[in-house]
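Protein sequence lines correspond, in order, to chains A and B. Quick note: the first sequence uses the UniProt record's numbering, first residue 1, plus one each step. Quick note: the second sequence uses the UniProt record's numbering, first residue 1, plus one each step. Inspection log for the structure reproduced underneath, given as structure tokens.
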Amino acid sequence: MAVSASDIRSALSLPSSSTLVQSTTPAPRKSQGQITKKPEGISRELYALIGPSAPSLVAHLAKPRLKQKPNFGSGGKVKWEWRPFRNAGRTDSLQLGHWVKAADDPGAEYPFTKYNVQSQSYTYSQEEYTRFLEDKDWTKDETDHLFNVVREYDTRWYVVHDRYEPPPDGPTRSLEDLKDRYYSVCRKLIRNRPWTGDEASKAQLLNSYQFDKDRERMRKDYIASLEDRTPEEIAEEEALFIELKRLEQNERKFKKERDELLRTLLGIDSGLPDIVAEEDGLSALSAEGFKKRKKNANEIEIPSTPSNIISLGPPPPKRAHSAKSAAYDAQHCILRVEPPASSTTKITHTPVHLRSFKLPAPKAALLPKVTQALTELGINPTRLVMPTRENCTRLESLIEATTALIDTKKVVDRVEQDIRVLRVRLGRASEGAEEDGKEGTPMEVDGGAGAGADVDADADADAEGEVDGRAQSILSTRSGRGRKQVRYSSQILSMPI
Amino acid sequence: MADRVRVRGVTIHRPIIYGNTATVLTPAERETSHYQDHTHRWTVAVRSAPSAPDSDIVGGADDLGYFIKRVTFKLHDTYPNPTRNIDKPPFEVSETGWGEFEIQIRITYVAESGEKATTLYHHLKLHPWSIAFSLPNASAVPPEPEIPSPENAAKLGPVHSWQYDEIVFTDPFQNFLTLLTTHPPTPLPKTSVNKKPIPFHSCNPASLEASLKGGVPEFTSAMEKDEADRLEEAKGKIIKEQEKWRGILIEREKELERLQKLLASKE
Chain A
1 MAVSASDIRS ALSLPSSSTL VQSTTPAPRK SQGQITKKPE GISRELYALI
51 GPSAPSLVAH LAKPRLKQKP NFGSGGKVKW EWRPFRNAGR TDSLQLGHWV
101 KAADDPGAEY PFTKYNVQSQ SYTYSQEEYT RFLEDKDWTK DETDHLFNVV
151 REYDTRWYVV HDRYEPPPDG PTRSLEDLKD RYYSVCRKLI RNRPWTGDEA
201 SKAQLLNSYQ FDKDRERMRK DYIASLEDRT PEEIAEEEAL FIELKRLEQN
251 ERKFKKERDE LLRTLLGIDS GLPDIVAEED GLSALSAEGF KKRKKNANEI
301 EIPSTPSNII SLGPPPPKRA HSAKSAAYDA QHCILRVEPP ASSTTKITHT
351 PVHLRSFKLP APKAALLPKV TQALTELGIN PTRLVMPTRE NCTRLESLIE
401 ATTALIDTKK VVDRVEQDIR VLRVRLGRAS EGAEEDGKEG TPMEVDGGAG
451 AGADVDADAD ADAEGEVDGR AQSILSTRSG RGRKQVRYSS QILSMPI
Chain B
1 MADRVRVRGV TIHRPIIYGN TATVLTPAER ETSHYQDHTH RWTVAVRSAP
51 SAPDSDIVGG ADDLGYFIKR VTFKLHDTYP NPTRNIDKPP FEVSETGWGE
101 FEIQIRITYV AESGEKATTL YHHLKLHPWS IAFSLPNASA VPPEPEIPSP
151 ENAAKLGPVH SWQYDEIVFT DPFQNFLTLL TTHPPTPLPK TSVNKKPIPF
201 HSCNPASLEA SLKGGVPEFT SAMEKDEADR LEEAKGKIIK EQEKWRGILI
251 EREKELERLQ KLLASKE
């Protein structure tokens, strides 16, 4: 028969059981107290195993609940409607339609309009061509044709190259030739045309038109050759590369061993740098330590290239010097220019002067026109309020730009003159031919004649019977203009065409 | 003698102003004056461009004596001793008079500079600036500026006429360069600290308003920037026009070519 402890106690009437019972009950309660906290998401036993450590718990809890379908946020339904729209980038008024969310702003612009970017195309005038775009390999016609094709095909070079037709007796042009000519023309135009804004933006724009023909050709050949390698060649190259790496590694190992040996043998006399300078990372970071280390490293490794050391010495101190001296110069109003290299010519000394003495003045021939144009803009070219160096350079470029403008206007007048003369000759050449088709030109013929010689005017006036009255009045106005061969209006800047 | 070597490639300049102020003589002063027909008291001066703080003269923050030895003002011949030599700063001459005339100013530099004297001219301004003051090379004859009566003139306050300029030394001697660098010029203030008006200049018609408000004017670097802006704006306009005309030109040239071809085909 199983005899329990309590039976024995009651039999012996021992009171100790109560104390024993009391001590044990808190213990089970405490352990139960631990367990009463229910771990969530994972089973109780697992929780007991892991313990309350956060990372693994979180990782476990963060497991995606793959049973449910993910809700993409549009719990509700979205209404779509068919709306017509216009693309602002189109020149015609084509109206198309597309599906748009009903909630979308109806007045909003078509969002893809802004991607319709036109590239900057350059055109040049005859004078600009004769002045700085001449080239011995390229005739003007060819250059014109090239520019037309480029503009039409939006500088997509492969298409341009395909559609480009060289003149019948001209050389065949490769893609690089076309690009080279186009970019060199653009660069020359940028450089020679007056430019708003500062020099930096001009330099940036110039940079964007950089093109080096030989380098491009070499690069393309290189890529092509890379493509054309046979598998054996590729394998060979790989093998060579691996060997090279291995050799370098060996070299480094040998050098290290040699240095170690030298150091142990000769100690301080070995001529090697201190271990501290080499191994201490902090000193290597500081500029001085770095410079010294590099210098020393160079000295040991490549004694045959002393130029390395020289190049390292001056540049860092010079940079610091120029930043400080720029401030110094500005404070003392000093300007430093490169003294001209030719020291053989006797350098005459520019005497002291007031800056306003040396204000830039326009060239004599165009002086009255330039001053007139500038006064229209409210600038007096002979005096400046504050003639500082920068303002004087600004005035100079302004005068340059104005001179260029007046030149252009002169050329326009000349060309118009030629046009008028040609029209006269055309009119006369086709006088015997159809009359109907040329209704438009008789008017201009009269005008052109008036500009040319008055004798012709009379003859032509007689020929046109029914439009006599009007012809007369046109003649009178036109011939008036013609007598003054070169006509400038009093208001230069708003000259009517 | 090593000092007499020129430092090549260095250009150093100093900003100065020159001009005059003029006030109307009060009737009381005119009574006591030796010359009954003098109507104004004026001072012509050559000073440094920035103004000293809390001063009631235009410019003069720096003492220019370190590189200017002497300034000679040649007044009108009707003045006794018309050649006035000023050998020490402040380089100015004060006088009374009734008429405006051209004053020749000759600046002689210290011996270390080894430079000859420079001459400049200043038109003495007594009567207040008026709106009718048009640009010097306008085609029409500028209308007579209305000379206000003495009471009105007195009310308008002193008249200022100043011109900013910079004296430029190229390739200075070494010792002169060190002399100059030991006296760096005070930079012009961005804008007037004491809200002084900007001086009037015929090239900047907008400054007329400011000058009429009265008060002693002050040169600021804002003026320089303002002029730079005006120049840039003008240049922008010109370039826009230029592009427009270039477009027209190219069009016309095409037309010309077309006509030429047409003509050639007919002949």
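Glycine included, C-beta positions come from ideal geometry on N, C-alpha and C.
From residue i to residue j, what does the alpha carbon distance come to, in whole angstroms?
| i | j | result |
| --- | --- | --- |
| P231 of chain A | V160 of chain A | 35 Å |
| I103 of chain B | A361 of chain A | 25 Å |
| T143 of chain A | Y124 of chain A | 11 Å |
| E227 of chain A | D212 of chain A | 23 Å |
| K74 of chain B | V352 of chain A | 21 Å |
| P172 of chain B | A49 of chain B | 22 Å |
| G59 of chain B | V24 of chain B | 22 Å |
| S430 of chain A | L422 of chain A | 12 Å |
| T96 of chain B | K363 of chain A | 43 Å |
| A200 of chain A | R414 of chain A | 36 Å |
| I190 of chain A | T130 of chain A | 16 Å |
| D436 of chain A | E128 of chain A | A caution first: D436 of chain A carries a pLDDT of 43, below 50, which makes its placement in the model too unreliable to give a value. |
| L475 of chain A | Q417 of chain A | Reliability fails at L475 of chain A, whose pLDDT of 34 lies under 50, so the model's placement of it is uncertain and the value that follows must be treated cautiously. Their Cα atoms are separated by approximately 16 Å. |
| T393 of chain A | R230 of chain B | 13 Å |
| R151 of chain A | K240 of chain B | 22 Å |
| E251 of chain A | A235 of chain A | 24 Å |
| E257 of chain A | T182 of chain B | 59 Å |
| G9 of chain B | F254 of chain A | 54 Å |
| N207 of chain A | L146 of chain A | 22 Å |
| T83 of chain B | P27 of chain B | 29 Å |
| P171 of chain A | D137 of chain A | 9 Å |
| G482 of chain A | A365 of chain A | Low local confidence applies: a pLDDT of 40 at G482 of chain A is under 50, so the model's placement there is unreliable, and no value is given. |
| E81 of chain A | R219 of chain A | 52 Å |
| N204 of chain B | P184 of chain B | 29 Å |
| D54 of chain B | S221 of chain B | 18 Å |
| N71 of chain A | K79 of chain A | 18 Å |
| L335 of chain A | T11 of chain B | 5 Å |
| L265 of chain A | E248 of chain A | 26 Å |
| Q260 of chain B | V424 of chain A | 12 Å |
Have a look at the DSSP bridge pairing and note the partners of residue i.
| i | result |
| --- | --- |
| W245 of chain B | DSSP, once it has assigned bridges, lists no residue as partnering W245 of chain B. |
| P15 of chain B | B:E166 |
| S94 of chain B | B:T43 |
| N20 of chain B | B:V44, B:S161 |
| F85 of chain A | A:L96 |
| Q104 of chain B | B:K74, B:Y121 |
| Y109 of chain B | B:I68 |
Where does residue i land, buried or exposed, given buried means 16+ other C-beta within 10 angstroms?
| i | result |
| --- | --- |
| H122 of chain B | buried |
| K179 of chain A | buried |
| H349 of chain A | exposed |
| H98 of chain A | exposed |
| D56 of chain B | exposed |
| E224 of chain B | buried |
| N20 of chain B | buried |
| H34 of chain B | exposed |
| R215 of chain A | exposed |
| V411 of chain A | buried |
| D177 of chain A | buried |
| T170 of chain B | buried |
| I198 of chain B | buried |
Looking at C-alpha atoms only, which residue of the options is the closest neighbour of residue i?
| i | options | result |
| --- | --- | --- |
| K69 of chain B | B:E255, B:P89, B:P53, B:I57 | B:P89 |
| R355 of chain A | A:E390, A:T172, A:D154 | A:E390 |
| A61 of chain B | B:Y35, B:I16, B:Q260 | B:I16 |
| F67 of chain B | B:A206, B:E92, B:S33, B:H13 | B:H13 |
| G88 of chain A | A:S397, A:K114, A:P70, A:L14 | Just to set this straight, residue 88 of chain A is Ala in the shown sequence, not Gly. Comparing Cα-Cα distances from A88 of chain A to each of A:S397, A:K114, A:P70, A:L14, the minimum goes to A:K114. |
| F101 of chain B | B:L126, B:I86, B:V110 | B:L126 |
| E396 of chain A | A:R425, A:R156, A:L14, A:K358 | A:K358 |
| residue 505 of chain A | B:S94, B:D165, B:W129, B:P27 | Outside the shown range of chain A, which is 1 to 497, sits residue 505 of chain A, and nothing can be said about it. |
| L156 of chain B | B:P128, B:T118, B:T108 | B:P128 |
| Q120 of chain A | A:T172, A:P106, A:Y47, A:C186 | A:C186 |
| R47 of chain B | B:V93, B:R6, B:L177, B:T11 | B:V93 |
| F112 of chain A | A:R86, A:K409, A:I242, A:Q204 | A:R86 |
Checklist entry - Looking at C-beta atoms only, is the number of pairs between the region 395–406 of chain A and the region 233–249 of chain B that lie closer than 8 Å three or more? => result yes
Next on the checklist: Contact between the region 197–211 of chain A and the region 238–248 of chain B is defined here as three or more beta-carbon pairs at a separation below 8 Å; is this criterion met?
Outcome noted: no
Item to check | Meets three-Cβ-pair contact criterion under 8 Å: the region 369–384 of chain A and the region 30–50 of chain B | outcome: no
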